[in-house]
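Since the structure comes first, as structure tokens, the remarks are kept for the end.
Chains as they are written, first to last, in the working numbering: chain A, 22 to 137; chain B, 5 to 117.
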């Protein structure tokens, strides 16, 4: 069964460093998302992406964050200068357009980001 | 702004019990509602999706219902097993082809053998 994959599973970085989190969405999906979950808190929406453009972004998704679909398969989240409060599990999700899917979103296993 | 609430935060039941997990949301103008399972330190597995026009959806021992007008959904788990122990998350989307999910905090279920 097709699934969303994410790499790395765990990333440790120093405050102020740049990180890139990578995702491979399900191959026939066209809508892509990033969410994050700080330990013990709700899963929060960061950004949605379609047709090489950001569709919607949350207040969390400030100038330090960017997303890209560099090729036909990968979808990346870049944090330019990490802060301690960026430590969280980051989830990528994808969904398919069309009347049968009803925008059901499928999630990857997550990347645990630890900022020291 | 949509808010999703799941109460209680944790639940412990003996094996074999039928149980109901509750979810409420403040804005009834949703497109769909998804229930997810999350094991500790893991990703989110989609269990059921209910479209806004539906009243319920079933998959195996799971049955999810939706009352959009009152802003409520329930996830019914029949004959619970220790393997059902996990956190169950409810999330809703608004209108729009790629609308974001707004999540509740989840209910952590422990099924005792």
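Ideal Cβ positions, reconstructed from N, Cα and C, are used throughout, including at glycine.
Hey, could you find the ends of the beta strand (DSSP E) residue i is sitting in?
{"i": "residue 71 of chain B", "result": "66 to 71"}
{"i": "residue 137 of chain A", "result": "Residue 137 of chain A -> no beta strand (DSSP E), and no H or E assigned at all."}
{"i": "residue 49 of chain B", "result": "48 to 55"}
{"i": "residue 25 of chain A", "result": "No beta strand (DSSP E) contains residue 25 of chain A, which DSSP labels as neither H nor E."}
{"i": "residue 111 of chain B", "result": "111 to 116"}
{"i": "residue 6 of chain A", "result": "Examination of residue 6 of chain A is not possible in this model, given that chain A is present from 22 through 137 alone."}
{"i": "residue 105 of chain A", "result": "Taken as a continuous stretch (DSSP letters only), residue 105 of chain A belongs to no beta strand (DSSP E), as it is neither H nor E."}
{"i": "residue 75 of chain A", "result": "74 to 78"}
{"i": "residue 92 of chain B", "result": "90 to 97"}
{"i": "residue 82 of chain A", "result": "Segment: none, residue 82 of chain A is in no beta strand (DSSP E) and carries neither H nor E."}
Sorted by chain position, which residues of the same chain lie with C-beta nearer than 7 Å to residue i's C-beta, five sequence neighbours on each side aside?
{"i": "residue 55 of chain B", "result": "36"}
{"i": "residue 64 of chain B", "result": "none"}
Cβ atoms of residue j and residue i: under 8 Å apart, would you say?
{"i": "residue 90 of chain B", "j": "residue 41 of chain B", "result": "yes"}
{"i": "residue 10 of chain B", "j": "residue 27 of chain B", "result": "yes"}
{"i": "residue 76 of chain A", "j": "residue 69 of chain A", "result": "yes"}
{"i": "residue 98 of chain A", "j": "residue 32 of chain A", "result": "no"}
{"i": "residue 17 of chain B", "j": "residue 108 of chain B", "result": "no"}
{"i": "residue 95 of chain B", "j": "residue 106 of chain B", "result": "yes"}
{"i": "residue 78 of chain A", "j": "residue 67 of chain A", "result": "yes"}
{"i": "residue 61 of chain B", "j": "residue 52 of chain B", "result": "yes"}
{"i": "residue 73 of chain A", "j": "residue 117 of chain A", "result": "no"}
{"i": "residue 82 of chain A", "j": "residue 46 of chain A", "result": "no"}
Grab me the residues of residue i's own chain with a C-beta within less than 6 Å of its C-beta, minus the 5 sequence neighbours each way, in chain order.
{"i": "residue 137 of chain A", "result": "35"}
{"i": "residue 64 of chain A", "result": "56 and 58"}
{"i": "residue 54 of chain A", "result": "69 and 114"}
Can you name the residues that DSSP bridges to residue i?
{"i": "residue 26 of chain B", "result": "B/78"}
{"i": "residue 110 of chain A", "result": "A/58 and A/133"}
{"i": "residue 31 of chain A", "result": "A/133"}
{"i": "residue 58 of chain B", "result": "According to DSSP, which records beta bridges pairwise, residue 58 of chain B is partnered with nothing at all."}
{"i": "residue 89 of chain A", "result": "A/97"}
{"i": "residue 116 of chain A", "result": "A/52"}
{"i": "residue 41 of chain A", "result": "A/99"}
{"i": "residue 14 of chain B", "result": "B/112"}
{"i": "residue 35 of chain B", "result": "DSSP output for residue 35 of chain B lists no bridge partner at all."}
{"i": "residue 63 of chain B", "result": "B/66"}
Which same chain residues end up closer than 8 Å to residue i when comparing Cβ atoms and leaving out the 5 residues on each side of it in sequence?
{"i": "residue 23 of chain B", "result": "15, 17, 80, 81, 84 and 113"}
{"i": "residue 22 of chain A", "result": "none"}
Are the region 125 to 136 of chain A and the region 68 to 80 of chain B in contact at 8 Å, needing three or more beta carbon pairs?
-> no
For the region 36 to 48 of chain A against the region 96 to 111 of chain A, are there 3 or more C-beta pairs whose distance is under 8 Å?
-> yes
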